[in-house]
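*Asks:*
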Amino acid sequence: MTASGIYVYGIVGSSHGLPPGAVGVGEPPAPVRLLPVEDLAVVVSAAYPGLRARRRDLMAHQGLLMALAETGPVLPMRFGMVAPDEATVLAGVAARGSEHAAVLERLDSRIEMNIKITPVQDNLAALIREDPVVRGIRDETRRHPGYEANVRLGEAVAAGLRRRAAVAAARLPAEFAGIADDMCSGPEVEGCVLNASFLVPRRAEGRFRGVAERFAAVHTDRLDLRVNGPLPCYSFVVPEPVPARA
9 MTASGIYVYG
19 IVGSSHGLPP
29 GAVGVGEPPA
39 PVRLLPVEDL
49 AVVVSAAYPG
59 LRARRRDLMA
69 HQGLLMALAE
79 TGPVLPMRFG
89 MVAPDEATVL
99 AGVAARGSEH
109 AAVLERLDSR
119 IEMNIKITPV
129 QDNLAALIRE
139 DPVVRGIRDE
149 TRRHPGYEAN
159 VRLGEAVAAG
169 LRRRAAVAAA
179 RLPAEFAGIA
189 DDMCSGPEVE
199 GCVLNASFLV
209 PRRAEGRFRG
219 VAERFAAVHT
229 DRLDLRVNGP
239 LPCYSFVVPE
249 PVPARA
């Protein structure tokens with residue numbers, strides 16, 4: 009199959025080697041190589057037509073970045089970034105070489121941990137006890153039942169559960185003081201009251217998880233908390249480091 013560009017995984021230091029047997033996206037998996045750029049190197053492979061966000065390719069992309077991060081910092085690209093040719097990659101990286109080097113230094117020995125928080129959906133009694141607005145709508149619905157009253161009550165309950173979870177979730181970032189080096193709010197996710205990523209020293213992953221688990225246990229009547237990671241440090245690399253198209 010004829011290649012249709014250069015698939016870019018990320019940027020590493022010039023002394024950073026590839027993991028043994030490293031392969032990339034595509035079917036069959038494309039061989040991965042390094043493009044040297046002064047004190048840096050760009051991790052690339054051939055890009056082929058028809059590349060899609062299939063699970064195998066998503067896992068190959070992330071798996072390669074995580075394997076690279078085991079032996080040194082990586083400035084990651086998001087999945088599906090393709091440059092037209094090597095010259096474009098080399099010129100883009102060289103033009104911002106000092107900036108890339110500074111980011112690599114900041115990411116050294118660090119990982120990204122993501123937390124998503126959603127409201128608990130089955131604690132109506134506590135909500136009614138604590139929220140006078142919802143309690144008043146509940147009482148009004150009992151006095152004047154009907155379809156519209158039930159809809160109004162359902163909307164009030166959903167909003168109230170979300171408020172309870174959001175108030176508790178707002179306390180979480182402070183819990184990671186002294187553990188995380190940075191925090192970045194992620195895009196809105198349907199149903200979530202918090203979607204945030206934290207830049208965490210690799211050695212502190214266990215402490216980070218422990219804090220998250222204890223916080224979830226304390227607020228189990230208000231929220232569900234999910235920890236994702238370790239992840240490549242996507243949230244702490246802005247803008248994308250190489251001129252490319254998705």
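Under the working numbering, read the sequence shown as residues 9 to 254, first letter to last.
Yeah, the Cβ is synthetic: ideal placement off N, Cα and C, and Gly gets one too.
Since we're looking at a predicted model, the values are computed, not measured.
(1) Going by C-alpha distance, which of Ala95, Leu66 and Val45 is nearest Val20?
(2) I'd like to check one pair, Val141 with Ala164: are the Cβ atoms closer than 9 Å?
(3) CB-CB under 7 Å to Ala254, same chain, minus the five flanking residues each way: which ones, in chain order?
(4) Pick from Met67, Arg137, Ile125 and Met74: whose alpha carbon is nearest that of Pro27?
(5) Count the other C-beta atoms from every protein chain shown that fall within 10 angstroms of the C-beta of Gly316, then say buried if there are 16 or more, exposed otherwise.
(6) For the beta strand (DSSP E) holding Thr126, just list the boundary residues, first then last.
(7) Counting beta carbon pairs with one atom in the region 120 to 132 and one in the region 168 to 177, are three or more of them shorter than 8 Å?
(8) Report yes or no: do three or more beta-carbon pairs, one from the region 91 to 98 and one from the region 59 to 78, lie closer than 8 Å?
(9) Pull up the distance between the alpha-carbon of Gly105 and that of Glu35, whole angstroms please.
(10) Among the residues of its own chain, which have a CB less than 8 Å from the CB of Met9, if the five just before and after it don't count?
(11) Run through the region 48 to 126 for me and flag every whole beta strand (DSSP E) of 3 or more residues, listed as ranges in chain order.
(12) Which residue from Leu48, Glu138, Arg118 and Ala182 puts its Cα closest to that of Ala99?
(13) As a quick exercise: from Ala166, Ser193, Tyr17 and Arg230, pick the residue whose alpha carbon is nearest that of Gly71.
(14) Once DSSP output is grouped into helix, strand and coil, what is the label at Met9?
(15) Give every residue of the same chain whose Cβ lies closer than 7 Å to the Cβ of Val219, excluding the five residues on either side of it in the sequence, and list them in chain order.
(16) With a 10 Å radius around its C-beta and 16 neighbouring C-beta atoms as the bar for buried, classify Pro39 as buried or exposed.
(17) Could you check the C-alpha separation between Tyr15 and Ser53 for me, to the nearest Å?
(18) Indicate the three-state DSSP secondary structure (helix, strand or coil) for Val20 in the structure shown.
(19) Tell me, to the nearest whole angstrom, how far the beta carbon of Ser193 is from that of Met121; I am working on the premise that it is less than 8 Å.
(20) Quick one: complete beta strand (DSSP E) runs, 3+ long, within the region 149 to 196?
(21) On the CB-based measure, 16 or more other CB atoms within 10 Å of its CB, does His227 come out buried or exposed?
(22) Would you call Gly25 buried or exposed, if buried means 16 or more other Cβ atoms sit within 10 Å of its Cβ?
*Replies:* Answer, in terms of the structure:
(1) Taking the first residue of the sequence shown as 1, we reach residue 20 at position 12. Cα-wise, what sits closest to Val20 is Val45.
(2) Stepping through the sequence shown from its first residue, residue 164 is reached at position 156. Stepping through the sequence shown from its first residue, residue 141 is reached at position 133. The beta carbons of Ala164 and Val141 sit closer together than 9 Å.
(3) Position 246 of the sequence shown, counted from the start, is the residue given in the question as residue 254. Because the pLDDT of Ala254 is 49, which lies under 50, any placement of that residue in the model is unreliable, and the question is left without a value.
(4) Here residue 27 corresponds to residue number 19 of the sequence shown, with the count starting at 1. The shortest C-alpha separation from Pro27 is found at Met74.
(5) For residue 316 there is no data in the structure shown, the boundaries of the chain being 9 and 254.
(6) As a working mapping, residue 126 is identified with position 118 in the sequence shown. Where Thr126 is concerned, the enclosing beta strand (DSSP E) starts and stops at Arg118 to Pro127.
(7) A contact is defined here as three or more CB-CB pairs under 8 Å, and the region 168 to 177 meets this definition with respect to the region 120 to 132.
(8) Contact between the region 91 to 98 and the region 59 to 78 is absent, because fewer than three Cβ pairs lie under 8 Å.
(9) Working through the sequence shown from its first residue, we reach residue 105 at position 97. Working through the sequence shown from its first residue, we reach residue 35 at position 27. Cα to Cα, Gly105 sits roughly 32 Å from Glu35.
(10) To locate residue 9, count along the sequence shown from 1; it is residue 1. With a pLDDT of 49 at Met9, under the threshold of 50, the predicted position of this residue should be treated as unreliable, though the coordinate-derived value follows. Listed in chain order, the non-local C-beta contacts of Met9 below 8 Å within the same chain comprise Tyr56 and Pro57, local neighbours out to five positions each way being set aside.
(11) The qualifying runs are 48 to 54.
(12) Sequence index remark: in the sequence shown, residue 99 carries index 91 (1-based). With distances taken between Cα atoms, Ala99 lies closest to Leu48.
(13) On the sequence shown, residue 71 is found 63 positions in, with the first residue counted as 1. A check of alpha carbon separations from Gly71 across Ala166, Ser193, Tyr17 and Arg230 identifies Tyr17 as the nearest.
(14) For the purposes of this step, residue 9 is identified with residue 1 of the sequence shown, where counting begins at 1. Unreliable placement is indicated for Met9, whose pLDDT of 49 sits below 50; the coordinate value is still reported in the next sentence. In the three-state scheme derived from DSSP, where H, G and I count as helix and E and B as strand, Met9 is classed as coil.
(15) Within the sequence shown, numbered from 1, the residue matching residue 219 stands at position 211. Result list for Val219: Glu183, Phe184 and Ile187, in chain order.
(16) Taking the first residue of the sequence shown as 1, we reach residue 39 at position 31. Its Cβ having fewer than 16 others within 10 Å, Pro39 is exposed.
(17) For the purposes of this step, residue 15 is identified with residue 7 of the sequence shown, where counting begins at 1. For the purposes of this step, residue 53 is identified with residue 45 of the sequence shown, where counting begins at 1. Taking the straight line joining both Cα atoms gives about 5 Å.
(18) Position 12 of the sequence shown, counted from the first residue, corresponds to residue 20. Assigned with DSSP and collapsed to three states, Val20 falls in strand.
(19) The residue you call residue 193 lines up with position 185 of the sequence shown. The residue you call residue 121 lines up with position 113 of the sequence shown. Their Cβ separation, rounded to whole angstroms, is 14 Å, which puts Ser193 and Met121 out of contact at 8 Å.
(20) Complete beta strand (DSSP E) runs here, min 3: 190 to 193.
(21) Translated into the one-based positions of the sequence shown, residue 227 becomes position 219. Buried, since its Cβ has 16 or more Cβ neighbours within 10 Å.
(22) For the purposes of this step, residue 25 is identified with residue 17 of the sequence shown, where counting begins at 1. Classification for Gly25: exposed.
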